[in-house]
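First comes the structure, then the notes that go with it.
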Amino acid sequence: MAFFHLTTLCALIHLISFPNFASATETLLPNQTLVFGQTLISQNQVFELGFFSPGKSKTIFLGIWYKRTPDVCVWVANRNNPVTDSQSVFLALAENGAPVIISGAGSIIWSANSSGVASTNPVLQLLDTGNLVLLEDTSQSYYFWQSFDYPTDTWLPGMRIVHDIDAGLDKYLTSWRNPDDPSPGDYVMKIENNGLPELVIYKGTKKRFPSGKWNGLHFSGVHPFTIQIFKPEFVFEEERLISVSEVYDSSAISRLTLEPRNGMLERYTMNARRDDWNHVFTSPFDSCDQYGRCGPNGICRIDKPVKCECLKGFAPRLETEWDFQDWSNGCSRIRPLNCENGDGFLEIKKVKYPDTLEFWLNTSMSLEECRAKCLRNCNCTAYANPYVDNGGRGCLMWFGDLIDTREHPPAHGKQNIYIRLPASELDPSTDSKKEEEEEEEDKKWPRKLVIVSAGCGILVSALVNGVVLLMTRRKRPAASDRNVEDIELPLFKFVTIMAATNNFSVENIIGEGGFGPVYKGYLSDEDEIAVKRLSRTSGQGLDEFKNEVILIAKLQHRNLVRLLGCCIEGDERMLIYEYMQNKSLDYFVFDQNQKTILTWPKRVNIIIGFSRGLLYLHHDSRLKIIHRDLKTSNILLDGNLNPKISDFGLARIFEEDQLIARTKRVVGTYGYMAPEYAIDGKYSLKSDVFSLGVVLLEIVSGKKNRAFDHSSHYYSLLGHAWLLWKENRVLELMDESLKDTFIESEVKRCVQVGLLCVQKFAEDRPVMSSVVFMLATDGAFLPEPKEPGFFIERSCSTVTNCTLQSKVTHKATMSITDLEAR
Numbered sequence: 001m002a003f004f005h006l007t008t009l010c011a012l013i014h015l016i017s018f019p020n021f022a023s024a025t026e027t028l029l030p031n032q033t034l035v036f037g038q039t040l041i042s043q044n045q046v047f048e049l050g051f052f053s054p055g056k057s058k059t060i061f062l063g064i065w066y067k068r069t070p071d072v073c074v075w076v077a078n079r080n081n082p083v084t085d086s087q088s089v090f091l092a093l094a095e096n097g098a099p100v101i102i103s104g105a106g107s108i109i110w111s112a113n114s115s116g117v118a119s120t121n122p123v124l125q126l127l128d129t130g131n132l133v134l135l136e137d138t139s140q141s142y143y144f145w146q147s148f149d150y151p152t153d154t155w156l157p158g159m160r161i162v163h164d165i166d167a168g169l170d171k172y173l174t175s176w177r178n179p180d181d182p183s184p185g186d187y188v189m190k191i192e193n194n195g196l197p198e199l200v201i202y203k204g205t206k207k208r209f210p211s212g213k214w215n216g217l218h219f220s221g222v223h224p225f226t227i228q229i230f231k232p233e234f235v236f237e238e239e240r241l242i243s244v245s246e247v248y249d250s251s252a253i254s255r256l257t258l259e260p261r262n263g264m265l266e267r268y269t270m271n272a273r274r275d276d277w278n279h280v281f282t283s284p285f286d287s288c289d290q291y292g293r294c295g296p297n298g299i300c301r302i303d304k305p306v307k308c309e310c311l312k313g314f315a316p317r318l319e320t321e322w323d324f325q326d327w328s329n330g331c332s333r334i335r336p337l338n339c340e341n342g343d344g345f346l347e348i349k350k351v352k353y354p355d356t357l358e359f360w361l362n363t364s365m366s367l368e369e370c371r372a373k374c375l376r377n378c379n380c381t382a383y384a385n386p387y388v389d390n391g392g393r394g395c396l397m398w399f400g401d402l403i404d405t406r407e408h409p410p411a412h413g414k415q416n417i418y419i420r421l422p423a424s425e426l427d428p429s430t431d432s433k434k435e436e437e438e439e440e441e442d443k444k445w446p447r448k449l450v451i452v453s454a455g456c457g458i459l460v461s462a463l464v465n466g467v468v469l470l471m472t473r474r475k476r477p478a479a480s481d482r483n484v485e486d487i488e489l490p491l492f493k494f495v496t497i498m499a500a501t502n503n504f505s506v507e508n509i510i511g512e513g514g515f516g517p518v519y520k521g522y523l524s525d526e527d528e529i530a531v532k533r534l535s536r537t538s539g540q541g542l543d544e545f546k547n548e549v550i551l552i553a554k555l556q557h558r559n560l561v562r563l564l565g566c567c568i569e570g571d572e573r574m575l576i577y578e579y580m581q582n583k584s585l586d587y588f589v590f591d592q593n594q595k596t597i598l599t600w601p602k603r604v605n606i607i608i609g610f611s612r613g614l615l616y617l618h619h620d621s622r623l624k625i626i627h628r629d630l631k632t633s634n635i636l637l638d639g640n641l642n643p644k645i646s647d648f649g650l651a652r653i654f655e656e657d658q659l660i661a662r663t664k665r666v667v668g669t670y671g672y673m674a675p676e677y678a679i680d681g682k683y684s685l686k687s688d689v690f691s692l693g694v695v696l697l698e699i700v701s702g703k704k705n706r707a708f709d710h711s712s713h714y715y716s717l718l719g720h721a722w723l724l725w726k727e728n729r730v731l732e733l734m735d736e737s738l739k740d741t742f743i744e745s746e747v748k749r750c751v752q753v754g755l756l757c758v759q760k761f762a763e764d765r766p767v768m769s770s771v772v773f774m775l776a777t778d779g780a781f782l783p784e785p786k787e788p789g790f791f792i793e794r795s796c797s798t799v800t801n802c803t804l805q806s807k808v809t810h811k812a813t814m815s816i817t818d819l820e821a822r
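Going by the numbering used here, 56 is the number at position 56 of the sequence shown; the sequence numbering is gapless.
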């Protein structure tokens, strides 16, 4: 929104009394206004700009529509600010040249986002493309502002859809709310760069219709004919897709519209002879284009009566739901992978690749090298050549469940994926590598013998696999449970835990998190335990349960909580920990009565203790662990107030030489997530360092980062600490309860280390070995911190209803995809 001097407003108000209306031209000049009922028309007579009321609505909007079909609007200026009085509203050019909508009372309804414009002879012109542009004069080709930079629900030839993080540009389509209301609706279509780029339609924060990943020639989920016919232009930087546009052709009139009812893209071309629209196609094309149609580890086959099948080696997680064609829960492995004793790969041909939720990409590696690397990594579940046009170079590996896989017709070309399976699930002839080695040998056999052998093999295999599958379903525990049993960890009986917790009495509940409730229990008169029970309504599940068991069972450190065992019976999943007498750190730090117990020496001990625990996870343990959910409530305190890091359900293992990973499933807690993780899904050791810095500043101040409220500004705790640091007033950040026990140099050092940890860019943050050294060494040299991440001022006085002001960087204004905050 642009702001104007009083003299400018007076001048605009004066125009109401003495208007100089524009009429039926393609330009608007500084001494002209446009009122309801008058329009600008493009030179080719295709597009028209003016005020209109959509559908049955009585509100007024400024928009662009097709002159021949006025009911088809392609752009709306004030979609968030409708006007109710058509007799007292007009479009004019402000003092700086920016187009504005002014009411009769002189208030600004809408203003073009044209900061920095200082035009002396501005001209507003409607081009033949349907683009409304602001020029110095009609002889110039540079646009100070253009409507194409602010798309609504329609994609026109010449308009670019953009996702350029470096330039701070993010242009995407947003549907209308309904045919009578052009305000932003539920659906958004945008570019997404996550390993391999794609176009995605979201409904709110849920992914609905992805185009499929870019395979070097086209989007893998889009039929190639759409690109062959409409010939879009793609701009890439390295592996990132920066923009997509369709070349403008004056001989053809076409549009692509994001529908408000179902989020589908509708392609139309104009039949000039009849002044009517031809419907060309609808995207998505079929039900298999719906994201995650068949759930995890399922594959959608559009030509089959039952659309969803489990990938080979997998079986439905809930058989009864599949009987009713509810495939959302997907499939799980029939037998677990056996990394040490050998797994193999099954080639599945002509598929749309699964979503890259957790992946690894290399564009130069050969497919054989990719296979070997995937085989060495026990977490790798599939691999493929990411591109179909580079001679077989490139490696894309998936980790975890395979989601949104579908079969494609032959027109999509050779796009094959190799699924990892245990050797017991593979016939020797189905391992992709062995198949290639034996192909020539097979050709030597007589054709009849091959047919007979194949028929017998299929019959025997079907009988054997049927018996094995039947026995597996009856006797074999879930794959994740068998992996847990393979770990040398005590298994507790359900009746034992039920007795220890007094039948899971409400009085025994000592906490509750994203996993479920935590109970206090007694194995004997002296042995106290904490029981973490997976809730049936939890957003987490078997993956988090398995993850926590595997990780904590292999980790031993005085500042990590100790896992005593687990319970797996029926649908029950429980983790049994050592009991922490003093609950969690947040119970003390943020409570006005309890915080006095935490004197400054005790807080320093806690800070150094959990820092050493994180150092162990990052550098000193057998595994390289990223915690991903470090916060005050996940730091437990024993009877002597010694800290222990807990809750490893979201943690991830890094390879020794791995520096960064990326995920679409951003999980964690608001206020503790690093900017690069919350916005782009990138996480690394430095993500945990950011979280540690937040916790450190919370311990010093006794205040929560997100809930922080100050009388003179609306920054978070991080922003407040940064302001105090720049003004050399860091002691004002300290919790008042520490005034009798604090040591000034230690407080300043802790604040400085905290600010170093929460710096905006990951590369500026210290590693954990440096953090521990700086905290534990009096007089150690500390560098000057830079601006913290999310240095944002909220535009309200109450924390719960805040919005962000303009000081946030372009990255901080982007939406977070599939966020699971706790």
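C-beta: ideal position from N, C-alpha, C; glycine also.
Between L551 and L623, the gap from beta carbon to beta carbon is short of 9 Å. In the three-state scheme derived from DSSP, where H, G and I count as helix and E and B as strand, I568 is classed as strand.
Between N547 and L650, the CB-CB gap stays under 9 Å. According to the DSSP secondary-structure assignment, P422 is paired through a beta bridge with D343.
Straight across, the Cα-Cα distance linking R729 with I635 is about 29 Å. Along the length of the segment 559-644, whole alpha helix (DSSP H) runs at least 4 residues long occupy 585-589 and 600-615, reported in chain order. Between I348 and K414, the alpha-carbon positions lie close to 10 Å from each other. Taking one beta carbon from each stretch, the segment 695-714 and the segment 667-674 have 3 or more pairs nearer than 8 Å; the two touch. The DSSP-derived three-state label of G63 is strand. P70 is positioned such that its CB atom lies no closer than 9 Å to that of G216. At a Cβ-Cβ threshold of 9 Å, T356 and K664 count as neighbours. About 4 Å separates the beta carbons of F314 and C331, which is inside the 8 Å limit, making them a contact pair. Annotation: the continuous alpha helix (DSSP H) that includes Q752 extends over E744 to C757. Scanning the segment 493-545 for uninterrupted alpha helix (DSSP H) segments of 4 residues or longer gives 494-500, listed from N- to C-terminal end.
Where M159 is concerned, there is no enclosing beta strand (DSSP E), because DSSP gives it neither an H nor an E. Here the segment 528-537 makes no contact with the segment 624-634; the two share fewer than three CB pairs at distances below 8 Å. Beta-bridge partners of E48 (DSSP): I41 and W65.
For T174, the enclosing beta strand (DSSP E) begins and ends at L173 to N178.
For a cut-off of 8 Å, the C-beta gap from L402 to N297 is around 5 Å, short enough to register as a contact. If you check the CB distance, K532 and G516 come in under 9 Å. Shown here, T320 sits in a helix according to DSSP, grouped into three states. Here the alpha carbons of S250 and V35 stand approximately 29 Å from one another. Within the same chain, and ignoring the five residues on either side of V89 in sequence, the residues whose Cβ sits closer than 8 Å to its Cβ are V35, F36, F51, I60, V83, I101, I102, S103, G104 and I109. Taking C-beta separations shorter than 7 Å and ignoring five residues to either side along the sequence, the partners of Q752 in its chain run L782 and P785, following chain order. Looking from the CA of D688, the closest CA among A762, E655, T33 and H710 belongs to A762.
Listed as beta-bridge partners of S332 by DSSP are A315.
In this structure, D638 places its C-beta atom within 9 Å of the C-beta atom of Q581. For G63, the number of other beta carbons within 10 angstroms of its own is at least 16, and it is reported as buried.
Residue environment: N640 is assigned as exposed (fewer than 16 neighbouring CB atoms within 10 Å of its CB, all protein chains considered).
Secondary structure note for C370: its alpha helix (DSSP H) is the uninterrupted segment L367 to R376. Annotation: the continuous alpha helix (DSSP H) that includes D680 extends over P675 to D680. Look at the beta carbons and you see the segment 231-249 not touching the segment 257-269: under three pairs across the two are nearer than 8 Å. Under the three-state reduction of DSSP, A92 is assigned to strand. Note on geometry: alpha-carbon atoms of I607 and I699 lie some 8 Å from one another.
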